Amino acid sequence: MERMAEDALPSGWQEIDDTDRDAGRYNPQPISRFEHGETGVGIRLTPADPKAGTGSGPGDDGENDYRVSVGEDGAGDMTPLTNASGHAGALGVARELMGAYNERCIDGNEDTEALFEDFAGTD
7 MERMAEDALP
17 SGWQEIDDTD
27 RDAGRYNPQP
37 ISRFEHGETG
47 VGIRLTPADP
57 KAGTGSGPGD
67 DGENDYRVSV
77 GEDGAGDMTP
87 LTNASGHAGA
97 LGVARELMGA
107 YNERCIDGNE
117 DTEALFEDFA
127 GTD
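Per my numbering, the sequence shown starts with residue 7, numbered consecutively.
Spelled out as structure tokens, the structure:
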């Protein structure tokens, strides 16, 4: 499993260990969650098809697609924002989103909804 190193994260962001939350699921594809330490804004990377990679899906279609979701409260509800090709692609989108969040929302005082709208549907 490819993991993002802590030092590769933009300032203020950390990866959250969701082992307890995901303990009951059987899916070999990784799930990643990141949160901004000061504001609690969260980003979650999950397989777009929850059955992909488990042997119970309809073949390989969509097996490498990942959904990037965001939330104002990192531990709360997440809203699907966009899809990416594979976990590595989703990590790239997450890094870009984290950097833009720091620049536009933390430093620039822009509303998170405007940022999320700019990223919606991009992949």
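Don't be surprised by glycine CBs; every beta carbon is placed ideally from N, CA and C.
Since this is a predicted model, take the numbers as computed values, not measurements.
Which of the three DSSP states, helix, strand or coil, is assigned to residue i?
i: S38; result: strand
i: N108; result: helix
Go through its chain and collect everything with a Cβ distance to residue i's Cβ below 7 Å, but skip five positions before and after it.
i: N108; result: P16, S17, G18
i: L87; result: V74, S75, V76, F122, F125, A126
i: T85; result: S75, V76, G77
i: C111; result: T118, L121
Applying the 10 Å Cβ sphere with the 16-neighbour rule, what's the burial state of residue i?
i: D83; result: exposed
i: N70; result: buried
i: D55; result: buried
Using a Cβ-Cβ cut-off of 6 Å (strictly less than) and excluding sequence neighbours within five positions of residue i, which residues of its own chain qualify?
i: T52; result: I37, R73
i: I22; result: R39, E41
Just curious, the beta strand (DSSP E) that residue i is in, first and last residue?
i: V74; result: 71 to 77
i: T45; result: Careful: T45 lies outside any beta strand (DSSP E) and carries neither H nor E.
Does the distance from the CB of residue i to the CB of residue j come in under 7 Å?
i: D79; j: G105; result: no
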